[in-house]
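The sequence shown runs contiguously to residue 884 in my numbering. C-beta atoms are modelled at their ideal positions from N, C-alpha and C, and glycine is treated no differently. Since the structure comes first, as structure tokens, the remarks are kept for the end.
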Amino acid sequence: MADEALARSRDASVRIPEDTPVPWPWLGPFDHHKVAAARISCGALLGRPGWVTGAVADVPAALSTPHVRQRALLTLDLAAGLLAAGDVDEAFTVASEALRVGAETESHRLIHGAVALRGRYTGARPPRCVVAFDEQLAAVL
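Here it is, written out as structure tokens:
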């Protein structure tokens, strides 16, 4: 049922004309960019990697926000979904960029998000990408 609602919202958002006025109390338009971002974030939070990996085509749209920290937070959600889907290399490659932004902007939320993501990986022998992420994390902390 949630998957159907998600698909309907994605389809409906594509049909919204770009010149539609923003409804009150929203500060920005609700369009396919926001739906893609919500799908990635919700998929990561709810442990539904299919929502995240199914949104791969929408990643450029979702990450099109001009706000650096917001884009990095969404990147961490994308990494969490990739990790849940078993794509460890891509997850930590993506997460390292978000951690870099967190360090540059001194964003505790991003840094703690990166720590939380690292805590989700429980492999006995971490691959090279995880070791590199650990080193980056140690340098930030």
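- Between V874 and D746, the alpha-carbon positions lie close to 35 Å from each other.
- Under the three-state reduction of DSSP output, D762 falls in the coil class, being neither helix nor strand.
- Comparing alpha carbon positions, the residue from L819, E849, R868 and A846 closest to T836 is L819.
- With a cutoff of 8 Å on beta-carbon distance, A828 and A841 are scored as not near each other.
- Residue range V811 to A827 is occupied by the alpha helix (DSSP H) that includes G824.
- Counting C-beta pairs with one atom in each stretch, the stretch 761 to 770 and the stretch 790 to 798 have fewer than three that are closer than 8 Å, which means they do not touch.
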